[in-house]
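For reference, the structure discussed in these notes is given below.
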Amino acid sequence: MAIPERMIICCQSFRAAGDPKGICHKQTDGFLQYIEEEILDRGLDALVVGSTCLKQCESGPMVVIQPENWWFKGVDSEAAIDAILDGLEDGEPAEEYLAS
53 MAIPERMIIC
63 CQSFRAAGDP
73 KGICHKQTDG
83 FLQYIEEEIL
93 DRGLDALVVG
103 STCLKQCESG
113 PMVVIQPENW
123 WFKGVDSEAA
133 IDAILDGLED
143 GEPAEEYLAS
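Here the sequence shown stands for residues 53 to 152, numbered as in the numbering used here.
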């Protein structure tokens, strides 16, 4: 299998034992599957990955696209995911969700 062109990283709030758990996992149930289906439908060459806590809880849920290093905040709906993937297809980040 070839190495994918991009990696889409989705915070799933996993933290070391004893640390308070973040919020992202509570707001993103089913998102990994939705993103996976969308990238297949769109023909994007990307791997979807659930991550440990991205340490951005005040802005979460977070999604990161590599190698562009685009960090998106407040990704809490399918509409947000669609906007981010639309921007990825257009070669520009979805400004309304871009973290600074």
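We treat Cβ as the ideally placed atom computed from N, Cα and C, and that holds for glycine.
Return the chain-ordered list of same chain residues with a C-beta closer than 7 Å to the C-beta of residue i, the five sequence neighbours on each side being excluded.
i: GLU57; result: ASP97 and ALA98
i: GLU130; result: TYR86
Name the two residues that bound the continuous alpha helix (DSSP H) containing residue i.
i: ALA179; result: An answer regarding residue 179 cannot be provided, because it is not within the stretch 53 to 152 covered by the chain.
i: LEU84; result: 83 to 94
What whole-angstrom Cβ distance do residue i and residue j have, given they're in contact under 8 Å?
i: ILE87; j: ILE133; result: 6 Å
By Cβ distance below 6 Å, which residues in the same chain neighbour residue i in space, the five residues on each side in sequence not counted?
i: ALA146; result: ALA135, ILE136 and GLY139
i: THR104; result: PHE66
i: GLN118; result: MET59
i: VAL116; result: ILE61 and TRP123
Given residue i, which residues of its chain have a CB within under 8 Å of its CB, disregarding the five upstream and five downstream residues?
i: ALA151; result: GLN108, SER111, MET114, TRP123, PHE124 and LYS125
i: GLU148; result: ALA135
Just checking: is the beta-carbon of residue i within a distance shorter than 8 Å of some beta-carbon in chain D?
i: ASN121; result: The question asks about chain D, but that chain is absent: this structure has only one protein chain.
Hey, would you say residue i sits closer than 8 Å to residue j, going by beta carbons?
i: MET59; j: VAL101; result: yes
i: GLU141; j: ARG94; result: yes
i: CYS63; j: LEU106; result: yes
For the beta strand (DSSP E) that residue i lies in, which residues bound it at each end?
i: ILE60; result: 58 to 66
Pull the bridge partners of residue i from the DSSP assignment, please.
i: ALA98; result: ARG58
i: VAL116; result: ILE61 and TRP123
i: LEU106; result: DSSP, once it has assigned bridges, lists no residue as partnering LEU106.
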